[in-house]
Amino acid sequence: DSSGAGCSGAGVASAGHSGGGATSSTSTRGEDAAKDSDSDGEEHKESQTLQVRQDVRKAVLAGDVDTAIAHIRTRFPLLLQEGSGYAELQFHLNAQKYIELVRAGAIQEAVAFAQVSLAGIRQAQTHLEPALRDVVAVIAYEQPESSPLAHLLSVAQRERVADAANAAILTFVSGKGPSYQPVSVVERVLRQLVVVHAMLLELNGNQGEVFKLQDHLLPRNQHTG
56 DSSGAGCSGA GVASAGHSGG GATSSTSTRG EDAAKDSDSD GEEHKESQTL
106 QVRQDVRKAV LAGDVDTAIA HIRTRFPLLL QEGSGYAELQ FHLNAQKYIE
156 LVRAGAIQEA VAFAQVSLAG IRQAQTHLEP ALRDVVAVIA YEQPESSPLA
206 HLLSVAQRER VADAANAAIL TFVSGKGPSY QPVSVVERVL RQLVVVHAML
256 LELNGNQGEV FKLQDHLLPR NQHTG
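Numbering (the numbering used here), first residue to last: 56 to 280.
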């Protein structure tokens, strides 16, 4: 179950420093150690929420949005409250429920649900209006599965909503706000690699080649076969 956050060469600290820069090395190691401590805390929170995130994903992929919402509200009651900062997750879940109602042929229920749960989005979240228009328009087709909006009824659409829920839960439990992006496992490993090389260099009296992570990363325009 992924955390959903990528990393790049530019986003990872380098351990490069001069031969006599023991103070710089210690400072860098201390900063990276603090980051690693934060990462360990994130891993603990990820493991604590693993079951509920799996339950939410399973429900969304099965088209049972009500159960997914119930799981979230039971474990994280503040996450879906108005003003929580997670309006996009609320939109994704409500839109998916509407889509599932249309898929099931419950047209009147879908219309009623849209009037209550989707109508306010246009004013509150204007950047979501294009997506909202597509979602609402699904109901106009007798066979939406073969319409120009068929992608909204695909498994990939359910996966996108499940991924959004997973990322929102991880961000919520981190306590760092909706703009926070969880650190990926790869980035954590690279940070640890930088720290280890810095420690080895210092133990060797700062004698030897300075390890620069960027020198070991593939250029962006280079592709492997």
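Virtual Cβ for every residue (Gly too), placed ideally from N, Cα, C.
Taking the CA atoms as reference points, K231 sits about 13 Å from S139. Our two residues, K152 and S202, have alpha carbons roughly 19 Å apart in a direct line. Taken through DSSP and simplified to helix, strand or coil, D218 comes out as helix. Secondary structure in the region 135 to 160: the alpha helix (DSSP H) runs of 4 residues or longer, each lying completely within the stretch, are 142 to 158 in chain order.
Distances from the CA of E200 to each of I154, D119, Q262 were compared; the closest alpha carbon is that of I154. Look at the region 104 to 136 and you find these whole runs of alpha helix (DSSP H), each 4 residues long or longer: 105 to 116, 120 to 130. When DSSP states are grouped into helix, strand and coil, S202 belongs to the coil group.
DSSP, read as helix, strand or coil, puts E184 in helix. DSSP places A253 within a helical segment (H, G or I) once states are collapsed to three. Membership of I162 in the alpha helix (DSSP H) is indicated by the continuous run 162 to 168. The C-beta distance from I224 to T122 rounds to 15 Å, too long to fall under 8 Å, and the pair is not in contact. By alpha-carbon distance to S172, the top candidate from L135, A219, A205 is L135.
Spatial neighbours of A165 in its own chain (CB-CB distance under 7 Å, excluding positions within 5 residues in sequence) are listed in chain order as Y153, L156, V157, I194. The C-beta of T129 has fewer than 16 other C-beta atoms within 10 Å across all chains shown, which makes the residue exposed.
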